[in-house]
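Data block below; observations after.
2 protein chains.
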Amino acid sequence: MLIQKKFRCIKPEIRVLGIDDGIFIPRAKGLVDIIGVVFRGGRWLDGVMRTEVDVDGIDATDKIASMILESSHYQQLRIVMLNGITFAGFNVVNAQKLYEKVNLPIIIITRDKPNFEEIRKALEGLPYFEERWKAIQSAGDVVEVRVKRDGKPIYMQTVGISEEEAEEIVRRTSTRSNIPEALRVAHIIASGLARFKGRGNI
Amino acid sequence: MLIQKKFRCIKPEIRVLGIDDGIFIPRAKGLVDIIGVVFRGGRWLDGVMRTEVDVDGIDATDKIASMILESSHYQQLRIVMLNGITFAGFNVVNAQKLYEKVNLPIIIITRDKPNFEEIRKALEGLPYFEERWKAIQSAGDVVEVRVKRDGKPIYMQTVGISEEEAEEIVRRTSTRSNIPEALRVAHIIASGLARFKGRGNI
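Keeping their order, the protein sequence lines are chains B and V. Just so we're aligned, residue 0 is where the first sequence starts under numbering that gives the first Met the number 0, counting upward by one. Just so we're aligned, residue 0 is where the second sequence starts under numbering that gives the first Met the number 0, counting upward by one.
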């Protein structure tokens, strides 16, 4: 088990990095934009960063780690949130490796409960199956989080932080919807920038 | 004089489009990203759109108009704000033409008072001088706006809206800083996405 970061208190303006990928053509060869959005808590956008990963490649962990470590916002960041653990198709982030590289707790959020049997089947057809499957498993157990009392639940996996603290941060930063604002906005930006015709904005 | 749009009341969640350009190498040949950010008033980011214009070209008015008209957010938009009137170097937006094309009032914001003598001199060295100079003049008089009582003033030009209403909208949407949030965020996104090495994020 990895050591967990402890937060003495969760500041309302805690700097959160939310990461999502852009729209792309499944199974096409090519690079997909990965967008990182720095938020102060759930309110203010402080910065944007970008990298690119291969469709169905195996470079997401390294590319995302470099993007974070090279960012001028790195020293202010306290948490990294990922919109799911697979980017650009099946380019899987190894959440434990990412945690070790950037030394920040990782929270993975999905709107639907991940179906690991389906994911495993899809990965079996790809090279580096073992590496990808290990990455999928790196994020630990899936926990249901009810952000708003009467809203739909979301699903969370965590590395380097206790479930209780992660839940608290997810709740506090989900200001506009039932997912953390940094992830909601990362999704809008990544989708809005898609570079192929007819999909120039969402 | 163009007809001005009248707002019966300015809703706190008025949909504002803020437009800025990315970082680029001055006088280099090439295309520069133009980013449009849809905000609900000064609080929530609702959408992102993108187009590209030529460095020192003359296509900014048409490209920005198409980006707006083709956006799924177009019907919700009430105001277009530009971060200055020149994009990608001296690709000048003709604010009156833009107003006519998109049928939305235009507010141009600058942090410093525009120096038209200097701009005229710079334009004189470029092709299509007359067209560019006419575009510069299309935005009308520069008005000083003091957004926060004790803050630095900013400068505004308007087309299709009264100065009083434009000032009110600028003040209400400048939540985080002394410029409207849609423009502050458009700047962060456009700069953060710059595609040349070493400038991948700000």
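Yeah, the Cβ is synthetic: ideal placement off N, Cα and C, and Gly gets one too.
Cross-chain neighbours of residue i in chain V, by beta carbon under 8 Å
| i | result |
| --- | --- |
| G191/B | G46, V47, M48, R49 |
Per-residue contacts from residue i into chain B (C-beta, under 7 Å)
| i | result |
| --- | --- |
| R175/V | W43 |
Under 7 Å by beta carbon: chain V residues contacting residue i
| i | result |
| --- | --- |
| I187/B | L44, G46, V47 |
| V184/B | L44 |
Where residue i sits in the DSSP three-state scheme
| i | result |
| --- | --- |
| L103/B | coil |
| F115/B | helix |
| I4/V | The sequence shown places Lys at residue 4/V, rather than the Ile named in the question. Three-state result, K4/V: strand. |
| S70/V | coil |
| F128/V | helix |
| L16/B | strand |
| I63/B | helix |
| L76/V | coil |
| P11/B | coil |
| F86/V | strand |
| G197/V | The pLDDT assigned to G197/V is 35, lower than 50, so where the model puts this residue is not dependable, and the model offers no usable value. |
Anticipated Cβ contact below 8 Å, residue i with residue j, distance rounded
| i | j | result |
| --- | --- | --- |
| R171/V | G21/V | Wrong, their Cβ atoms sit about 27 Å apart, outside the cutoff. |
| V31/B | F23/B | 4 Å |
| G17/B | I67/B | About 12 Å separates the two Cβ atoms, so there is no contact after all. |
| V158/V | A64/V | In fact, because the Cβ distance is near 13 Å, the residues do not count as touching under 8 Å. |
| A203/B | V52/B | Because residue 203/B is not part of the residues shown, which for chain B are 0 to 201, the question remains open. |
| G83/V | V54/V | 15 Å between Cβ atoms; not a contact. |
| V141/V | S173/V | Contact doesn't hold; Cβ gap of about 18 Å is too wide. |
| V169/V | I105/V | About 12 Å separates the two Cβ atoms, so there is no contact after all. |
| D58/B | N90/B | 7 Å |
| L97/V | L192/B | Not really, about 22 Å apart at Cβ, beyond 8 Å. |
| E143/V | Y154/V | 6 Å |
| I135/B | I108/B | The pair is not a contact, with the Cβ atoms about 15 Å apart (cut-off 8 Å). |
Could you tell me which whole alpha helix (DSSP H) segments of length 4 or greater appear in the region 135-194 of chain B? At a cut-off of 4 residues, the continuous stretches assigned as alpha helix (DSSP H) that sit fully inside the region 135-194 of chain B are 162-172, 180-191.
In chain order, which beta strand (DSSP E) runs of at least 3 residues are fully inside the region 20-61 of chain V? Counting only runs of 3+ residues, the beta strand (DSSP E) found wholly inside the region 20-61 of chain V occupies 30-39, 43-53, in chain order.
Is the region 145-158 of chain V in contact with the region 66-77 of chain V, if contact means three or more CB pairs nearer than 8 Å? Contact fails between the region 145-158 of chain V and the region 66-77 of chain V, because fewer than three Cβ pairs, one in each stretch, are under 8 Å apart.
If you pair each beta-carbon of the region 174-190 of chain B with each one of the region 113-130 of chain B, do three or more pairs fall below 8 Å? Per the Cβ contact rule, the region 174-190 of chain B is not in contact with the region 113-130 of chain B (fewer than 3 Cβ pairs under 8 Å).
Below 8 Å, how does it come out for the region 1-10 of chain V and the region 42-56 of chain V: are there three or more Cβ pairs, yes or no? The region 1-10 of chain V is not in contact with the region 42-56 of chain V.
Three-pair Cβ contact test at 8 Å for the region 66-74 of chain V versus the region 110-118 of chain V: With contact defined as three or more Cβ pairs closer than 8 Å, the region 66-74 of chain V and the region 110-118 of chain V are not in contact.
Cβ contact (3+ pairs, closer than 8 Å) linking the region 172-180 of chain V and the region 48-61 of chain V: With a cut-off of 8 Å, the region 48-61 of chain V and the region 172-180 of chain V do not count as touching, because too few Cβ pairs lie within range.
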